[in-house]
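Note that the numbering used here gives residue 321 to position 321 of the sequence shown, counting from 1, and the numbers run on in steps of one. For reference, the structure discussed in these notes is given below.
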Amino acid sequence: MASSKGNFFSNLQIRHKLWAGFGLVLAILVIVGLGVFPSLVNTEQKTGSMVLERQPAAAAAQELAHRLERSLSALGFYLLGKEEKHKQNYLEGLKKLAEELEILKTNQLVTSDPELSELLINIDKDVAAFAAVRDRMITLATTDSQNFPGIAFAGEAINPVNRQIQSLLSEMILSEEGEEVSEERRALLIELGNLRNTWTGVINGVRAYLAFRSKGAIDEATLYLETTGSIAKRLQEECADMLTFEQEDGLAQFIELREQVVASLKQLEKIHGGKRWRTDAYLINTSVNEMLERIDGNVDALVNRLREDNERTGSELLADVEGTKAFLITLLLVGLLLGVLIAFLMARSICRPIQSAVVAMEDIAKGEGDLSSRLQLNIGGELGQLSDAFNLFIEKFTMWLLAYRVLPVS
């Protein structure tokens, strides 16, 4: 039987061979797809990580540094000009700073990496400390007595004494109204006027020093203060017998109060001439600047690390794309060659037996009519059945001819 001839593929029917060929081609396509799919998935994951995590994290870190710089700039303008718009810019900057920090804290890439997570924790701590000085800075901007300790000290230690001295000097001068006019008393009155004017020079020097922190101003105030001491001493020594009760008592109080001013002026120079003369500037130059330097350093480290990761991931993506392209081209070439080979084998397995049958039939039909020839296809399927049927037909036809020859001619 036809089914017992040839190999398994040769025994298949033509439609089964066609289905098998198409199946092999589809299998090759599936293999190509499965070979490329893992690389595509890997590329997708790296691209997604870069687009959804790395780049947003780097952008948020850079925006954090930008917001921090703008907040500090707005704070500086507010402390100098005390304008409401600068205050609002400062507060808005702190708000945006917190928002950018929250973006980083919710980024899975940053929180899952130990190094990046540690940097973020340090940034969060310093940003919180920077935001914590907000109320203190606003208070300092609106309250000179707290922002300028020298002014506060002068208001507490010098101004009350100055008012007492001014009152004493006025009383000492007014007490001359009840005295007889003489050259001696006229000279005394002039000396008292000089003492009051000189004291006014002391206070003007103190005010100039508070306003401009000029060494010349404090030296001028000190010089006037020494002059008042000389005048008071001269009044005590040379005019003691001419002083009225109010003048004598007032001069004694003046000398005592003046000594307080001498001590206060030295203390004022230490306070207003030192680094802490302005509290907001001192805080910014010390604790705030230290915080900002740490934040800048940590943000730079975070941005650089993310940038390096992005560059490395980008290089890996390019390498993956090149590798995928080369692998895909290789698979396509192999698949194409296998497809051509399968098509050739299918055509050969189908056409060759048919051609053999055609040659055999033409030989019987056009040749000398050798009925002893047979089709030896040695395959199954439709062509095997055709071969068996043809051979059976030849055998029957031969038997019919032999029977025809032995019949008598009628």
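Heads up, the beta-carbon is just placed ideally off N, CA and C, and yes, glycines get one too.
Endpoints, alpha helix (DSSP H) assigned at residue i
{"i": "residue 157", "result": "Careful: residue 157 lies outside any alpha helix (DSSP H) and carries neither H nor E."}
{"i": "residue 126", "result": "114-132"}
{"i": "residue 274", "result": "First-last for residue 274: undefined, no H or E at that position."}
{"i": "residue 147", "result": "144-147"}
Alpha-carbon to alpha-carbon, residue j and residue i
{"i": "residue 67", "j": "residue 30", "result": "53 angstroms"}
{"i": "residue 281", "j": "residue 152", "result": "16 angstroms"}
{"i": "residue 320", "j": "residue 331", "result": "16 angstroms"}
{"i": "residue 399", "j": "residue 392", "result": "11 angstroms"}
{"i": "residue 287", "j": "residue 203", "result": "35 angstroms"}
{"i": "residue 363", "j": "residue 390", "result": "13 angstroms"}
{"i": "residue 107", "j": "residue 122", "result": "16 angstroms"}
{"i": "residue 406", "j": "residue 353", "result": "37 angstroms"}
{"i": "residue 144", "j": "residue 209", "result": "15 angstroms"}
{"i": "residue 274", "j": "residue 76", "result": "21 angstroms"}
{"i": "residue 355", "j": "residue 361", "result": "10 angstroms"}
{"i": "residue 109", "j": "residue 303", "result": "13 angstroms"}
{"i": "residue 220", "j": "residue 87", "result": "38 angstroms"}
{"i": "residue 155", "j": "residue 183", "result": "40 angstroms"}
{"i": "residue 180", "j": "residue 240", "result": "17 angstroms"}
{"i": "residue 16", "j": "residue 346", "result": "11 angstroms"}
{"i": "residue 298", "j": "residue 42", "result": "31 angstroms"}
{"i": "residue 404", "j": "residue 396", "result": "12 angstroms"}
{"i": "residue 92", "j": "residue 134", "result": "12 angstroms"}
{"i": "residue 120", "j": "residue 102", "result": "10 angstroms"}
{"i": "residue 394", "j": "residue 344", "result": "32 angstroms"}
{"i": "residue 401", "j": "residue 388", "result": "20 angstroms"}
{"i": "residue 171", "j": "residue 249", "result": "10 angstroms"}
{"i": "residue 283", "j": "residue 301", "result": "26 angstroms"}
{"i": "residue 89", "j": "residue 100", "result": "16 angstroms"}
{"i": "residue 264", "j": "residue 83", "result": "34 angstroms"}
{"i": "residue 64", "j": "residue 115", "result": "18 angstroms"}
{"i": "residue 157", "j": "residue 261", "result": "8 angstroms"}
{"i": "residue 104", "j": "residue 124", "result": "10 angstroms"}
{"i": "residue 69", "j": "residue 141", "result": "19 angstroms"}
{"i": "residue 340", "j": "residue 316", "result": "35 angstroms"}
{"i": "residue 23", "j": "residue 38", "result": "23 angstroms"}
{"i": "residue 433", "j": "residue 130", "result": "Outside the shown range of the chain (1 to 410) lies residue 433, about which nothing can therefore be said."}
{"i": "residue 147", "j": "residue 214", "result": "19 angstroms"}
{"i": "residue 137", "j": "residue 245", "result": "52 angstroms"}
{"i": "residue 324", "j": "residue 35", "result": "9 angstroms"}
{"i": "residue 73", "j": "residue 59", "result": "21 angstroms"}
{"i": "residue 185", "j": "residue 169", "result": "16 angstroms"}
Check: residue i C-beta below 7 angstroms from any heavy atom of the ligand ZN
{"i": "residue 385", "result": "This structure does not include the ligand ZN; it has no bound ligands of any sort."}
Kindly provide the ranges of any alpha helix (DSSP H) runs that are 4 or more residues long and lie completely inside the region 168-255, ordered along the chain.
-> Within the region 168-255, the complete alpha helix (DSSP H) runs of at least 4 residues are 183-212 and 215-238.
How about the region 194-202 and the region 223-239: do they share at least three Cβ pairs that are nearer than 8 angstroms?
-> Yes: the two stretches touch, three or more of their Cβ pairs being nearer than 8 angstroms.
The region 249-257 / the region 160-172 touching (three or more Cβ pairs under 8 angstroms) = Verdict: yes, contact present.
On the three-pair Cβ rule with 8 angstroms, is the region 234-242 touching the region 186-193?
-> Yes, since at least three Cβ pairs between the region 234-242 and the region 186-193 fall closer than 8 angstroms, the two stretches touch.
Contact between the region 172-183 and the region 266-274 (3+ Cβ pairs under 8 angstroms) | Output reads no: the region 266-274 does not touch the region 172-183.
Within the region 47-96, ranges of the beta strand (DSSP E) (whole runs, at least 3 residues) | Counting whole runs of 3 or more residues, the region 47-96 contains no beta strand (DSSP E) stretch at all.
Should the region 79-91 be called in touch with the region 50-66, which here means at least 3 C-beta pairs below 8 angstroms?
-> Between the region 79-91 and the region 50-66, the count of Cβ pairs shorter than 8 angstroms is below three; the stretches do not touch.
Touch check for the region 282-301 and the region 257-264: three-plus C-beta pairs under 8 angstroms?
-> The count of Cβ pairs closer than 8 angstroms, one atom from the region 282-301 and one from the region 257-264, stays below three, leaving the stretches out of contact.
With a floor of 4 residues, list each alpha helix (DSSP H) that falls wholly inside the region 256-318, ordered by position along the chain.
-> For secondary structure counted as the alpha helix (DSSP H) over 4 or more consecutive residues, the region 256-318 holds these complete runs in sequence order: 279-283.
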